[in-house]
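Here the sequence shown is numbered in my numbering, starting from 91 and rising by one per residue.
Note that the Cβ used here is the ideal one computed from N, Cα and C, for glycine as well.
Values in this document were obtained by computation on a predicted structure and should not be read as measured data.
Each remark here refers to the structure printed beneath this line.
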Amino acid sequence: MSVPVLVIAFNRPSHTRRVLEAVSGWEIPALYVAVDGPRDGHVTDDAKVAQVRALANHLSVPYPVHRLFRDENLGCTRGVPNSIDWFLSDVEAGIILEDDCLPTPSFLHFCAQLLPQWAENHRVHMVSGQNPLDRSLIPSDQYHFFRNTMIWGWATWRSSWQAYDSEMSDWPRLRQTDWLLDLHDGDRAAARFWRETFDRVYSGEIDTWGYRWKYSVWSRDGLSIAPPFNLVENIGFDGEATHTTASEPPVWTRHMLRGEPEFPLQRPPAVRSDPTVTRWINRNVYGARPLRTVSLRRSIRRALRIVGLEDKGVAIVWRLRRAMGTSSEV
């Protein structure tokens, strides 16, 4: 399958240049570039947005380039879904990269094999380029099914994206049920965390499209495909981003495996997520931990920092928990 690509950009020309340079070397049928408009009252936006548009206008590639340059600023919550709508109204499936998601060449081949293979399976909603797990949780070099939706470089189908529910219309009803508890295999800490998070998203306190997409996928009992190695690097931890505003990546990103999958890809024996993996991601990526363990976790991290092992803390704590067979996490 030949896979079209959408690059979503705004006001970061240096990031956008790196992503466009990476994609320019791919053999794809078409490139789509969506650039949001400058914000009112932000004096540097006009010049930076103009630089990003110039990059899109002066690409020298052997395939068509389609451009969507907005005059107004829609922001992340409206702008990203609007861009994906535009893209998937023209193609049946494709790769989606925001301007801080730098893919490896293997990511194209990964999506090219899996998009046609899983197009008719309505449980699988997306193919991700991101895998946050450490090696102890990855038993083989095959790809995996995740409960969580990892969106640092991903691909999807028009039919799956049609499930995107920006209004989270059924949330008032679902939050009164055990839906999240069942979805997370009885993990009460995860259910509590996501209930509180979805409450904040639904009320508008958290302004992000990503959690709305996660809700939409979960409301259909959906899964995502993740690679055996991390195939996309987030280059946006520099204070310029909307959500990844820290100057340093979070600790858990230091344990992500980099590598190249072997093709053809080995198909997993069953379409299901691993509850152990789901719990690890909820605990270590999102911070959905039992309340009674939070203070203990802080104490352990403080001790690891004193002996110079803070960057290995996530892997050490998780291995200890698995070795002890305890249900509580630290």
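key: Rounded C-alpha distance that separates L145 from V93   = So the two alpha carbons sit approximately 22 Å from each other.
Could you pull out every residue in the same chain whose Cβ sits closer than 6 Å to the Cβ of D231, ignoring the five residues on either side in sequence? For D231, where only same-chain residues beyond five positions count, the Cβ hits under 6 Å are P318.
**Request:** Below 7 Å CB to CB, which residues in the same chain sit around W308 once its five sequence neighbours on both sides are set aside?
**Result:** Once the five neighbours on either side are set aside, the close Cβ partners of W308 are L273.
(message) Excluding the 5 residues flanking L158 on each side, which residues of the same chain have their C-beta closer than 8 Å to its C-beta?
(response) Apart from the 5 residues on each side of it in sequence, L158 sits with its Cβ closer than 8 Å to the Cβ of Y122, V123, A124, V125, S173, W176 in its chain, given in chain order.
Original post:
How about C191 and V375: do their beta carbons lie closer than 8 Å?
Top reply: With respect to the 8 Å criterion, C191 and V375 are not classified as neighbours on the basis of their beta carbons.
Quiz item: Name the DSSP beta bridge partners of V113, please?
Solution: Beta bridge pairing from DSSP links V113 with no other residue.
Which of helix, strand or coil DSSP assigns to W176
Here W176 sits in helix by DSSP.
For I371, the nearest candidate out of T239, E111, R143, V97 (CA to CA): The residue with the shortest Cα to Cα distance from I371 is T239.
Taking the alpha-carbon positions, what's the S259 to Q252 distance? The alpha-carbon atoms of S259 and Q252 are separated by roughly 14 Å.
Check: Hey, quick one: how far does the alpha helix (DSSP H) through E286 stretch, first residue to last?
Finding: Segment 278-293, the alpha helix (DSSP H) holding E286.
How many whole angstroms separate the CB atoms of S218 and W244, which I take to be in contact at a CB cut-off of 8 Å? Taking C-beta atoms under 8 Å as the contact rule, S218 and W244 qualify, at a distance of about 5 Å.
Buried or exposed (CB count within 10 angstroms, at least 16 for buried), V133: Burial call: exposed.
task: State the start and end residues of the unbroken alpha helix (DSSP H) segment that holds N147.
output: Run containing N147: 135-147, per the alpha helix (DSSP H) assignment.
Can you tell me whether V95 is buried or exposed? The criterion is at least 16 other CB atoms within 10 Å of its CB, across all chains shown. With 16 or more other CB atoms across the displayed protein chains lying within 10 angstroms of its CB, V95 is buried.
Original post:
Thinking just about the alpha-carbon of each residue, which of I315, D135, A99, W116 is nearest to the one in Y153?
Top reply: Nearest of I315, D135, A99, W116 to Y153, Cα basis: W116.
Among the candidates V155, V139, G349, whose CA atom is the shortest distance from the CA of E162?
When only C-alpha atoms are compared, the closest one is V139.
TODO: Take the Cβ of H118 as the centre, count every other Cβ of all protein chains shown within 10 Å, and call the residue buried at 16 or more, exposed below.
DONE: Note that residue 118 corresponds to Ile in the displayed sequence, not to His. Looking at its Cβ environment, which holds 16 or more other Cβ atoms inside 10 Å, I118 is buried.
* How about S314 and F236: do their beta carbons lie closer than 8 Å? -> In this structure, S314 places its C-beta atom within 8 Å of the C-beta atom of F236.
>> Please identify the residue among L381, S363, V341 whose C-alpha is closest to the C-alpha of R395.
In response: For the residues L381, S363, V341, the minimum Cα distance to R395 belongs to V341.
Which class does L347 belong to by DSSP, given the choice of helix, strand or coil?
-> Of the three classes helix, strand and coil, the one that applies to L347 here is coil, per DSSP.
- Item | Opposing strand residues paired with P193 [DSSP bridges] | Note: P193 sits in a beta bridge opposite V322.
Per-residue DSSP class, three states only, for I228
In the three-state scheme derived from DSSP, where H, G and I count as helix and E and B as strand, I228 is classed as coil.
query: Touching or not, the region 261-271 and the region 285-302, by the rule of three or more beta carbon pairs under 8 Å?
result: Flag = yes, the region 261-271 and the region 285-302 touch.
Rounded C-alpha distance that separates S363 from H234:
Put simply, the backbone Cα of S363 is about 8 Å away from that of H234.
*With a Cβ-Cβ cutoff of 8 Å, do L205 and M91 count as a contact?*
Using a Cβ distance threshold of 8 Å, L205 and M91 count as a contacting pair.
query: For F100, which option in D255, E182, L187, T343 has the closest C-alpha, if you only look at C-alpha atoms?
result: Among D255, E182, L187, T343, the Cα nearest to that of F100 is on L187.
**Study point:** Inter-residue Cα distance where the pair is R348 and I185
**Key:** Each residue's alpha carbon lies about 20 Å from the other.
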